[in-house]
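The sequence shown runs 1411 to 1573 under our numbering.
No residue lacks a Cβ here, since even glycine has one placed at the ideal position from N, Cα and C.
Structure, as structure tokens:
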Amino acid sequence: MDRKPPHVTFEDWVERLVREATERGEFDGLRGAGQPLPGLDKPFSGEDWAAAKARAEDLDVSAMLPPYLAFRLERARLVESMPARADEHAVTVVVEDFNERLLAEYRRPQLGVPLATPLLDRERCLAAWRAANPAPPAPEVHPAPTDPAPRPRRWWRRRRPPG
């Protein structure tokens, strides 16, 4: 690709590149050629573009949500995922982290819709984890079989040397 010459305006230079590519036939046979662009008849904003892009690429849109919705969504996902945590300590760490961030958000000035997401109850989350992950039963301890002590041979049963 050529660099823009210093004495040519950007618009003229781009127009020249497009014209030359058209003359070479580089735009022939493109999908949708000669058809109007979809959605030109509807109002469009940056948020619409971001949402459409996220849908098209199957992206997680939780970062685009306002805090009151983002915390609700995160709380619901955490409650669903509690049984899959590795152990009780992992459940406690996740609950405490979420509650700290939620409390920090409560302390900020509320802009727009007020935040109304409840804190996670650590004991309830631990109970859900315990219900989904019962402790394995303790292995049964069987006493090791003891060999009976060999009985001494009776004196009359002793073998005599041959001969």
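| request: Measure the C-alpha to C-alpha separation of ASP1438 and PHE1454 and round it to an integer number of angstroms. | output: 29 Å
| task | Would you identify the three-state DSSP class for VAL1505, choosing helix, strand or coil? | result | VAL1505: helix per DSSP, three-state reduction.
| message | Please tell me whether LEU1646 and LEU1475 are closer than 9 Å, where the distance is taken between their beta carbons. | response | Residue 1646 is absent from the structure shown; the chain starts at 1411 and stops at 1573.
| task | May I ask you to report which of helix, strand or coil DSSP gives ARG1441? | result | coil
| said: Any contact between the stretch 1546-1555 and the stretch 1496-1513? By contact I mean 3 or more CB pairs, one from each, below 8 Å. | reply: no
| Proximity test, Cβ basis, 9 Å: LEU1525 and chain D | Of the protein chains in this structure there is only one, and it is not chain D.
| said: If distances are taken between C-alpha atoms only, which option among GLU1436, ARG1511, ARG1495 and LEU1521 comes closest to ALA1542? | reply: It is ARG1495 whose Cα lies nearest to the Cα of ALA1542.
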